[in-house]
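>
In my numbering, the protein residues as written are 7 to 387.
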């Protein structure tokens with residue numbers, strides 16, 4: 007589980023300063039959760055906690071008592087129990103009735119804590135979504151944890167996991183697409199990383215099989231389901247695509263939002279990639295650009311239209327769109343390398359125009375640009 011250090015620190019602090027700790031989790035806690043809890047307890051000098059999974063109908067006092075060599079251990083007795091060193095009991099409910107039983111045990115434990123000199127901590131996990139924020143009390147701590155990552159954390163995680171990944175061609179678009187469509191969910195990130203690149207380039211449509219694994223979850227709009235952040239400011243990509251692909255008043259809005267992820271990935275991956283290669287393209291077109299300068303007054307400037315205005319630019323300031331425009335009729339183009347460079351400029355213009363209009367370029371247009379650009383770069387010194 008990436009980035010659990012803050013959660014581990016909270017568990018450590020809570021078990022040092024409170025007898026009861028409530029872990030408020032989503033219905034779908036992240037992988038590695040309980041390992042992180044054990045790490046937090048270890049840092050609080052609790053090395054072998056008792057972990058109990060409580061099922062519907064089980065006798066909680068009896069289950070706990072067994073681990074203390076007693077037939078039963080009530081919540082009140084546990085509050086006063088002296089183990090001899092710092093110890094903890096973790097209750098994990100498996101079922102609604104079991105959750106109610108665990109909750110009742112914890113409430114009774116809290117009622118008995120006042121003045122108690124016991125040294126056993128009681129930790130319980132709840133997944134009702136009622137507490138989305140941490141709570142600090144005198145005898146109890148509530149830690150809300152969803153496993154959701156911030157955008158910076160996700161970017162760092164994906165970068166580490168896909169450090170050598172490239173594609174298409176020499177671009178990093180593959181990695182940026184995974185980052186955008188993973189959202190805040192590291193488990194979804196792993197599913198995307200495992201996808202064939204062709205399916206990643208086909209996002210968001212290729213999310214459909216992932217939706218089908220748990221339609222009930224993605225139909226919900228709640229922190230408990232793990233489909234939105236606590237402040238409702240971010241939405242899970244699969245929840246987003248669920249709404250986008252089901253009839254409703256917000257379908258178009260959510261489809262646009264999902265497609266905007268593709269646009270952002272292209273913006274981050276392709277614009278710097280194209281800009282890095284533009285000087286090489288200008289160099290390949292040295293002679294045609296010199297002809298262009300002479301045709302525009304031979305003063306080192308070229309006149310170009312910018313909206314309703316005409317401005318002077320130097321050859322270094324010429325963009326792909328400018329080159330595609332000035333050489334669309336083959337002006338000054340005499341070699342196969344120059345023809346190939348102009349062809350790349352035309353393909354770059356198609357991609358850049360889509361990005362400029364806040365639309366994701368077609369995957370086929372991206373592949374065509376990257377393929378030709380890489381071939382041109384490798385064919386010239």
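Where is the CB? At the ideal position from N, CA and C, for every residue including glycine.
Roughly how many angstroms lie between the CA atoms of residue 318 and residue 310, to the nearest whole one?
Those two C-alpha atoms are separated by around 6 Å.
> On the premise that residue 284 lies in contact with residue 383, defined as a C-beta separation below 8 Å, what is that separation, rounded to the nearest angstrom?
Going by Cβ atoms, the distance from residue 383 to residue 284 rounds to 12 Å, so no, they are not a contact pair.
> Distance check for residue 235 and residue 244, CA to CA, integer angstroms please.
The straight-line gap from Cα to Cα measures roughly 13 Å.
> For residue 281, is the classification buried or exposed, using 16 other Cβ atoms within 10 angstroms of its Cβ as the cut-off for buried?
The residue in question, residue 281, is exposed, as its Cβ has fewer than 16 Cβ neighbours within 10 Å.
> Please name the residue in 53, 135, 73 whose C-alpha comes closest to that of residue 237.
Per the Cα distances, 135.
> State buried or exposed for residue 248, treating a residue as buried only when at least 16 other CB atoms are found within 10 Å of its CB.
Residue 248 comes out buried.
> Quick check: the Cα distance between residue 256 and residue 358, rounded to an integer number of angstroms?
So the alpha carbons of these two residues sit roughly 29 Å apart.
> If you reduce the DSSP assignment to three classes, tell me which class residue 155 lands in.
Here residue 155 sits in coil by DSSP.
> Does residue 89 pass the burial test, meaning 16 or more other C-beta atoms within 10 Å, or should it be called exposed?
Exposed.
> Measure the alpha-carbon distance for residue 26 versus residue 231 and round it to whole angstroms.
So the two alpha carbons sit approximately 25 Å from each other.
> Figure out for me which residue from 277, 40, 291 has the closest Cα to the Cα of residue 96.
Per the Cα distances, 40.
> Contact between the region 259-276 and the region 172-181: three or more CB pairs below 8 Å?
A contact exists between the region 259-276 and the region 172-181.
> So, do the region 286-306 and the region 324-331 have three or more beta carbon pairs nearer to each other than 8 Å?
The region 286-306 vs the region 324-331: in contact.
> Considering only C-alpha positions, which residue in the set 320, 349, 240 is nearest to residue 333?
Measuring from the Cα of residue 333, the nearest candidate turns out to be 349.
> According to DSSP, simplified to helix, strand and coil, what is residue 246?
Looking at residue 246 - three-state DSSP - the assignment turns out to be helix.
> What is the rounded straight-line gap between the Cα of residue 371 and the Cα of residue 378?
In a straight line, the C-alpha of residue 371 is about 11 Å away from that of residue 378.
> Can you give the Cα-Cα distance for residue 58 and residue 51, rounded to whole angstroms?
The alpha-carbon atoms of residue 58 and residue 51 are separated by roughly 20 Å.
> Measure the alpha-carbon distance for residue 198 versus residue 367 and round it to whole angstroms.
So the two alpha carbons sit approximately 20 Å from each other.
> Buried or exposed: where does residue 306 fall if 16 or more other Cβ atoms within 10 Å of its Cβ makes it buried?
Classification for residue 306: exposed.
> Within the continuous alpha helix (DSSP H) that includes residue 81, where are the two ends?
Start and end: 81-86.
> Using a Cβ-Cβ cut-off of 8 Å (strictly less than) and excluding sequence neighbours within five positions of residue 65, which residues of its own chain qualify?
Closer than 8 Å at the Cβ level, and outside the excluded window around residue 65, lie 78.
> Hey, how far is the Cα of residue 321 from the Cα of residue 303?
Cα-Cα distance, rounded: 14 Å.
> Decide if residue 200 is buried, meaning its Cβ has at least 16 other Cβ atoms within 10 Å, or exposed.
Classification for residue 200: exposed.
> Secondary structure at residue 318, three-state DSSP: helix, strand or coil?
Three-state DSSP puts residue 318 in a strand.
> Identify, in the order they occur along the chain, each residue of the same chain with its Cβ nearer than 6 Å to the Cβ of residue 250, setting aside the five sequence neighbours on each side.
Same-chain partners within the cutoff: 257, 260, 261, 264.
> Which two residues bound the contiguous alpha helix (DSSP H) that contains residue 363?
Residue 363 -> no alpha helix (DSSP H), and no H or E assigned at all.
> Please identify the residue among 145, 91, 73 whose C-alpha is closest to the C-alpha of residue 113.
The candidate whose alpha carbon is nearest that of residue 113 is 145.
> Tell me, to the nearest whole angstrom, how far the beta carbon of residue 20 is from that of residue 60; I am working on the premise that it is less than 8 Å.
With a Cβ gap of about 21 Å, residue 20 and residue 60 do not count as contacting.
> What's the gap between the Cα of residue 276 and the Cα of residue 115?
Taking the straight line joining both Cα atoms gives about 58 Å.
> Based on DSSP bridge pairs, tell me the residues matched to residue 309.
DSSP output for residue 309 lists 318 as bridge partner(s).
> Take residue 208 as the anchor and find which of 187, 127, 336 has the nearest alpha-carbon.
Ranking 187, 127, 336 by Cα distance to residue 208 puts 187 first.
> Look at residue 94 and residue 127 and say whether their C-beta atoms are less than 8 Å apart.
Cβ atoms of residue 94 and residue 127: closer than 8 Å.
> In the DSSP assignment, find the unbroken alpha helix (DSSP H) run with residue 288 in it and report its ends.
Unbroken alpha helix (DSSP H) run through residue 288: 257-290.
> Which residues in the same chain as residue 7 place their Cβ atom closer than 8 Å to its Cβ, once the five residues preceding and following it in sequence are excluded?
In this prediction, residue 7 has a pLDDT of 49, which is less than 50 and means its spatial position is unreliable; nothing more can be read from the coordinates.
> Pick helix, strand or coil for residue 30, following the three-state DSSP scheme.
Strand.
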